[in-house]
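**Student:** Got a structure here, written out as structure tokens. Questions coming.
Number of protein chains: 2
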Amino acid sequence: MEHEDPRARILDAAEELFYGQGIQAVGMDAVRSASGMTMRRLYQHFPSKNDLVEAYLLRRDGRWRASLAVYVSRSGGTPREQLLAVFDWLGRWFAEPGFRGCAFVNSLGELGATTPAVAAAARHHKEEFGGYLAGLAEAAGAPPTTAVHLTLLAEGAITAAAVHGDPTAAADAKQAARILLDAALPR
Amino acid sequence: MEHEDPRARILDAAEELFYGQGIQAVGMDAVRSASGMTMRRLYQHFPSKNDLVEAYLLRRDGRWRASLAVYVSRSGGTPREQLLAVFDWLGRWFAEPGFRGCAFVNSLGELGATTPAVAAAARHHKEEFGGYLAGLAEAAGAPPTTAVHLTLLAEGAITAAAVHGDPTAAADAKQAARILLDAALPR
DNA sequence: GCAACGTGAGAACGATCGTTCTCACTGGCG
DNA sequence: CGCCAGTGAGAACGATCGTTCTCACGTTGC
């Protein structure tokens, strides 16, 4: 466990700290001590804090979307049920200890105006998520606009859950999604 | 114009800087020079940066919600049309130059974990907004759950517009809101 | 055995930040 | 006129940050 890939150990520590406290609130020394590294080795793997931040966002994007896709595909229902399962996955995420909203929205608000790479990472993450929902919607036979609507509901649920610290936003969004799907897919 | 209330001049400068660049990215010296103040006078009105941040959020909350309420009430339609006018107002906001998402969500992501007053301000802002939509929904004869759904759509539209820099999220959300209202208020 | 090198641990450096202090100066009051 | 309370302008201070440097030490190759 401790002979892990040093890069992974650093990214693990960085992710927990950056996501939990905000990027600017975490100094490189905190990352160093949390990862059990020395300064030299830390900067060997990530030549600057910006590089570490970008790697953090990139890895989190991949893991987040993979976790969602695995959950949804294992839910094993119809495409319509898979679209609704997205909100179940959101509800589980919201209930995780330490949930603090979307890492990309948070980093965008904090650094988006000054660090273009952060803004680009957030845009990419949201585009991929929207594209994923669009794919599910297409499989369900729903028009693309419905996918956009569900994307907005999901985004809103993430924000609401973060602000109020209340995971029920996922169930609320799921309920609305069901109504929209029913309207788009008359049975 | 320049003999304005010093407090207002400071808050004007702070709002533009904090909202446009993030709170931590703006130093007190930048606020001082942008407001044409001296350090002494700046700290006379706001004894610490935290006080200034809280005042910034408080004033922005009041102005934001007042501007929305004025727009909606002047739209002069039925309660149902007023609910939809909320999304028109959002669209105008998104198209304003310098739009960078919700100031409260941004500050929550940046400072929410370390500054309870910021988290409380964000919660208050979102609760007031949700309550406002709930009032409109009640007047329209829609169930409270519909108000929650529209609130999630509005939140999602704000986030989407901020991430993609694209004001059309407001029209998308309005379209979804219409569907939800039609389902809740059969005519 | 020894020289060369890479590493650990942390001090050091320069920049920046929030906040306070200095100091010359101004205007009102006796 | 003389005094003093308050101000403007900005330097100063202590803390913190990102990043680099020092230096003693252990290891490796000859």
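As they're listed, the protein sequences go chains A and B.
With the working numbering, you'll find the first sequence wraps up at 264, consecutive numbering, no jumps.
With the working numbering, you'll find the second sequence wraps up at 264, consecutive numbering, no jumps.
Glycine residues also receive a C-beta, built at the ideal position from the N, C-alpha and C atoms.
Just so it is clear, the structure is predicted and the values come from calculations on it, not from any experiment.
Evaluate contact between the region 186 to 202 of chain B and the region 95 to 112 of chain B, counting only Cβ atoms and requiring at least three cross-stretch pairs below 8 Å.
**Tutor:** yes
**Student:** Give the residues of chain A in contact with Gly97 (chain B), contact being defined as C-beta atoms less than 7 Å apart.
**Tutor:** In the second sequence, counting from the first residue as 1, residue 97 (chain B) sits at position 20. In chain order: Ala190.
**Student:** May I ask you to list, following chain order, the residues of the region 224 to 237 of chain B that have a beta carbon less than 8 Å from some beta carbon of chain A?
**Tutor:** Val225, His226, Thr228, Leu229, Leu230, Ala231, Glu232, Gly233, Ala234, Ile235, Thr236, Ala237
**Student:** So, are the CB atoms of Leu269 (chain A) and Leu230 (chain A) less than 8 Å apart?
**Tutor:** Residue 269 (chain A) lies beyond the residue range present for chain A, which begins at 78 and ends at 264; the question has no answer from this structure.
**Student:** Tell me which residues of the region 194 to 215 of chain B have at least one Cβ-Cβ distance to chain A shorter than 7 Å, keeping chain order.
**Tutor:** Ala199, Arg200, Lys203
**Student:** Mark Gly242 (chain A) as exposed unless 16 or more other C-beta atoms lie within 10 angstroms of its C-beta, in which case mark it buried.
**Tutor:** Counted from its first residue, the first sequence places residue 242 (chain A) at position 165. Classification of Gly242 (chain A): exposed, given that the 10 Å Cβ count is below 16.
**Student:** Can a CB atom of chain B be found closer than 8 Å to the CB of Gly186 (chain A)?
**Tutor:** Taking the first sequence and counting its residues from 1, the one referred to as residue 186 (chain A) is at position 109. Yes, Gly186 (chain A) lies at the interface with chain B (some Cβ there is under 8 Å from its Cβ).
**Student:** In terms of residues, what are the limits of the alpha helix (DSSP H) holding Ala219 (chain B)?
**Tutor:** Taking the second sequence and counting its residues from 1, one reaches residue 219 (chain B) at position 142. First-last for Ala219 (chain B): undefined, no H or E at that position.
**Student:** Could you say which of A:Phe176, A:Pro174, A:Leu185 lies nearest to Phe176 (chain B) if we only look at CA atoms?
**Tutor:** Against the second sequence, residue 176 (chain B) aligns to sequence position 99. Here the closest residue by C-alpha is A:Leu185.
**Student:** When you compare the region 249 to 261 of chain B with the region 82 to 99 of chain B, are there three or more beta-carbon pairs, one atom per stretch, that lie closer than 8 Å?
**Tutor:** no
**Student:** Based on Cα-Cα distance, which residue from B:Gly168, B:Ala224, B:Leu258 lies nearest to Ala237 (chain B)?
**Tutor:** Here the question's residue 237 (chain B) lines up with position 160 in the second sequence. If we check each option's Cα against that of Ala237 (chain B), B:Gly168 comes out closest.
**Student:** Does the region 134 to 153 of chain B come close enough to the region 220 to 235 of chain B that 3 or more CB-CB pairs lie under 8 Å?
**Tutor:** no
**Student:** By how many angstroms is the C-alpha of Leu257 (chain A) removed from the C-alpha of Val182 (chain A)?
**Tutor:** Position 105 of the first sequence, counting from 1, holds the residue named residue 182 (chain A). Position 180 of the first sequence, counting from 1, holds the residue named residue 257 (chain A). Between Val182 (chain A) and Leu257 (chain A), the C-alpha separation is close to 25 Å.
**Student:** Please report the distance separating the alpha-carbon of Cys179 (chain A) from that of Pro221 (chain A).
**Tutor:** As a first step, residue 179 (chain A) must be located in the first sequence, where it is residue number 102. As a first step, residue 221 (chain A) must be located in the first sequence, where it is residue number 144. Pro221 (chain A) has its alpha-carbon roughly 24 Å from the corresponding atom of Cys179 (chain A).
**Student:** Verify the CB distance criterion: does Asn127 (chain B) have a CB-CB separation below 8 Å to chain A?
**Tutor:** Numbered from its first residue, the second sequence carries residue 127 (chain B) at position 50. Not one chain A Cβ lies under 8 Å of Asn127 (chain B).
**Student:** Is the separation between the beta-carbon of Ala172 (chain B) and that of Pro244 (chain B) shorter than 8 Å?
**Tutor:** For the purposes of this step, residue 172 (chain B) is taken as residue 95 along the second sequence, with counting starting at 1. For the purposes of this step, residue 244 (chain B) is taken as residue 167 along the second sequence, with counting starting at 1. Less than 8 Å separates the beta-carbon of Ala172 (chain B) from that of Pro244 (chain B).
**Student:** Could you say which of A:Ala85, A:Gly104, A:Ala234, A:Glu158 lies nearest to Leu135 (chain A) if we only look at CA atoms?
**Tutor:** Counted from its first residue, the first sequence places residue 135 (chain A) at position 58. Comparing Cα positions, the closest option is A:Ala85.
**Student:** Is Gln101 (chain B) helix, strand or coil when you go by DSSP?
**Tutor:** Working through the second sequence from its first residue, we reach residue 101 (chain B) at position 24. Collapsing the DSSP output to three states places Gln101 (chain B) in coil.
**Student:** Are Pro124 (chain B) and Ala217 (chain B) closer than 8 Å when you measure CB to CB?
**Tutor:** Counting from one through the second sequence, the residue named residue 124 (chain B) turns up at place 47. Counting from one through the second sequence, the residue named residue 217 (chain B) turns up at place 140. Not a contact, by the Cβ cut-off of 8 Å.
**Student:** Could you pull the start and end residues of the alpha helix (DSSP H) that Phe181 (chain B) belongs to?
**Tutor:** To locate residue 181 (chain B), count along the second sequence from 1; it is residue 104. Counting along the chain, the alpha helix (DSSP H) containing Phe181 (chain B) begins and ends at 180 to 188.
**Student:** Going by the beta-carbon positions, is the gap between Met116 (chain B) and Ile87 (chain B) smaller than 8 Å?
**Tutor:** For the purposes of this step, residue 116 (chain B) is taken as residue 39 along the second sequence, with counting starting at 1. For the purposes of this step, residue 87 (chain B) is taken as residue 10 along the second sequence, with counting starting at 1. Going by C-beta atoms, Met116 (chain B) is not nearer than 8 Å to Ile87 (chain B).
**Student:** Give a yes or no on whether the minimum CB-CB distance between Glu79 (chain B) and chain A is below 8 Å.
**Tutor:** Within the second sequence, residue 79 (chain B) is the residue found at index 2, counting from 1. With a pLDDT of 49 at Glu79 (chain B), under the threshold of 50, the modelled position of that residue is not reliable, and no figure is offered here.
**Student:** Below 8 Å on C-beta distance, what does Ala246 (chain B) contact in chain A?
**Tutor:** The residue labelled residue 246 (chain B) in the question sits at position 169 within the second sequence. Leu229, listed in chain order.
**Student:** Could you check whether the Cβ of Leu94 (chain A) sits closer than 8 Å to any Cβ belonging to chain B?
**Tutor:** On the first sequence, residue 94 (chain A) is found 17 positions in, with the first residue counted as 1. Not closer than 8 Å to any Cβ of chain B, the Cβ of Leu94 (chain A) fails to qualify, so no.
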